[in-house]
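Residue numbers (the numbering used here): 817 to 1320.
Every residue gets a Cβ at the ideal spot worked out from N, C-alpha and C, and that includes glycine.
None of the values given here were measured: they were computed from a predicted structure.
Printed below as a string of structure tokens:
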């Protein structure tokens, strides 16, 4: 048997008040695609930060052996010098620099103290061809779609002579076509002898490309499973088997049972968007949302589904306080009453809430605590003695504790900094914030991104409120929504004429 390219032995990592990793073991062989799976907060990202030097040697217990030698990385540059490169879920690209500048940022090709631009462009062009991109190296990254930006990140990794590539949720923001291209590239890199560790909640993709799966649960390595004996055979490991390892038991349902809201106000009109038209914030000649109309009834979940770039997010953001683009025309009515939503506070006052696709940029204050993030949309109701500007901290804390328990937010206390939480737990904080605000209409844009199957299922269910939900997953739209409109370039989007049947 060939010598492992990577061995992590007995890795234990503790943060104040919580043990994130406990005696974790991970072995990766040369040219192997090794998946790491686990629920939100299982320790996947923490383990990769230990491996890549984000958590420096000395801040954890255990040993790391790479290519047969013991290594002790003090920072991420040290791991990159050994050929270990990590690509995070939130891409580390500068939008207004060119592709070439991004590829070699911090790793510039220089001659006599000056950047060799001709050499840089030649090498960037070679790397772009290697990852299957036809764009010119001088193209600004801002002009690329998310799928191509992900390929630029891999080209950047290849420029560092990568031997072990770590990909954290690489297809989370991609449509099916871009995901397929990226997975094909990972398989091609395997043929070139480059090993990969892939963290993903998309178990179908894991079965498609992985050779082995290590499962983490509650900060411990539970087991390592072989997906396929040889690269040319079909996977012999089912998604249900992986899920059983992740949760410790069989999962009866991937999605919740469809149930009907039977309140007295069921079926009454909750939200009506009519003739909604919005132009691009920079290119005012381009309509990103064009004459869109949709209706949502109380207790109904309406899906807005479309490919990446079809306008789903633009529609959601523009309805929520016109926080995207240049408004042209259209009206919004909540509960049968037309409302003005020119600003985000006005939209909140009208009873509209929005769970953003990009929680780190728009949904959370990462340097603040869990309890303060949860209370952000409900501060008027948390005044001490009704005095404006004074927050009842005891009430604020008790509300956060209630949601920490009910949403199973994995954190030692509600005073934990949100930026220290895993992606799935951050999403639970965002959901808690808006649920506590008690809106009439809750707009969710990719609400289950970065969440496991079990946690994703728990975000859907019957409610007296109404929920337009934007997703790039037609399967999830079919399973969770009672009326799924499709969005193609966000033009003339409307709900289906007949609601889908729901159980009960």
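- The stretch 1154-1208 contains, as complete alpha helix (DSSP H) runs of 4+ residues, the segments 1160-1165, 1186-1191 (chain order).
- In this structure, the alpha-carbon of residue 1255 lies about 25 Å from that of residue 1122.
- The residue among 866, 960, 882 with its C-alpha nearest the C-alpha of residue 910 is 960.
- Note on residue 1114: 16 or more other CB atoms within 10 angstroms of its CB, so buried under the neighbour-count rule.
- Taken in chain order, the whole alpha helix (DSSP H) runs of length 4 or more contained in the stretch 887-920 are 892-897, 915-919.
- Out of 1174, 1008, 1033, the CA that lies nearest to the CA of residue 1264 is found in 1174.
- For residue 983, there is no enclosing alpha helix (DSSP H); the residue is found in the beta strand (DSSP E) stretching over 980-984.
- Taking a C-beta distance under 8 Å as the contact criterion, residue 851 and residue 1038 do not qualify as a contact pair.
- When the alpha-carbon of residue 975 is set against those of 1141, 987, 938, the nearest one is in 938.
- Sequence-distant Cβ neighbours of residue 873 in its own chain, meaning closer than 7 Å and more than five residues away, are 888, 889, 890.
- Rounded to whole angstroms, residue 1093 and residue 1128 show a C-alpha spacing of 13 Å.
- Its chain contains 1178, 1179, 1261 as the residues whose beta carbon lies nearer than 7 Å to that of residue 1172, once the 5 sequence neighbours on both sides are disregarded; these appear in chain order.
- Secondary structure of residue 885 (DSSP, three-state): strand.
- Collapsing the DSSP output to three states places residue 1134 in a helix.
- Annotation for residue 824: no alpha helix (DSSP H) segment contains it, though the beta strand (DSSP E) segment containing it runs 822-831.
- For residue 993, the secondary structure class from DSSP, reduced to helix, strand or coil, is helix.
- For residue 1029, the closest alpha carbon among the candidates 1001, 1198, 1102, 1059 is that of 1059.
- By the Cβ-count criterion, residue 1064 is exposed, with fewer than 16 other Cβ atoms from all chains shown falling within 10 Å of its own Cβ.
- The shortest CA-to-CA distance from residue 1219 to any of 1190, 1199, 1257 is the one to 1190.
- Comparing alpha-carbon positions, the option among 1134, 1170, 1145, 865 lying closest to residue 824 turns out to be 865.
- Straight-line measurement puts the Cα of residue 1250 at about 14 Å from the Cα of residue 1196.
- The criterion of a C-beta distance shorter than 8 Å is not satisfied by residue 982 and residue 849.
- Under the rule that a run must span 4 or more residues, the alpha helix (DSSP H) segments found entirely inside the stretch 915-973 read 915-919, 933-946.
- DSSP, reduced to helix, strand and coil, places residue 1211 within a helical segment of the structure shown.
- Beta bridge pairing from DSSP links residue 1259 with 1170.
- Take residue 958, set aside five residues on each side of it, and the residues of its chain with a beta-carbon closer than 8 Å to its own are 911, 912, in chain order.
- Per DSSP, the continuous beta strand (DSSP E) segment holding residue 849 begins and ends at 849-854.
- Looking at the DSSP output, residue 1032 sits in a beta bridge with 854, 1037.
- When DSSP reads this structure, residue 1217 sits in no beta bridge, so it has no partner.
- Using a Cβ distance threshold of 8 Å, residue 1169 and residue 1253 count as a contacting pair.
- For residue 946, same chain residues with a beta-carbon under 8 Å away, outside a window of 5 residues either side, are 971, 974 in chain order.
- Across the set 1036, 1207, 1257, the C-alpha of 1257 shows the shortest separation from the C-alpha of residue 1118.
- For the set 1012, 1194, 1166, the Cα lying nearest the Cα of residue 900 is the one of 1012.
- The C-beta distance from residue 984 to residue 903 rounds to 7 Å, short enough to fall under 8 Å.
- In this structure, the straight-line span from the alpha carbon of residue 869 to that of residue 1188 is close to 31 Å.
- CA-to-CA, the gap between residue 895 and residue 905 works out to about 19 Å.
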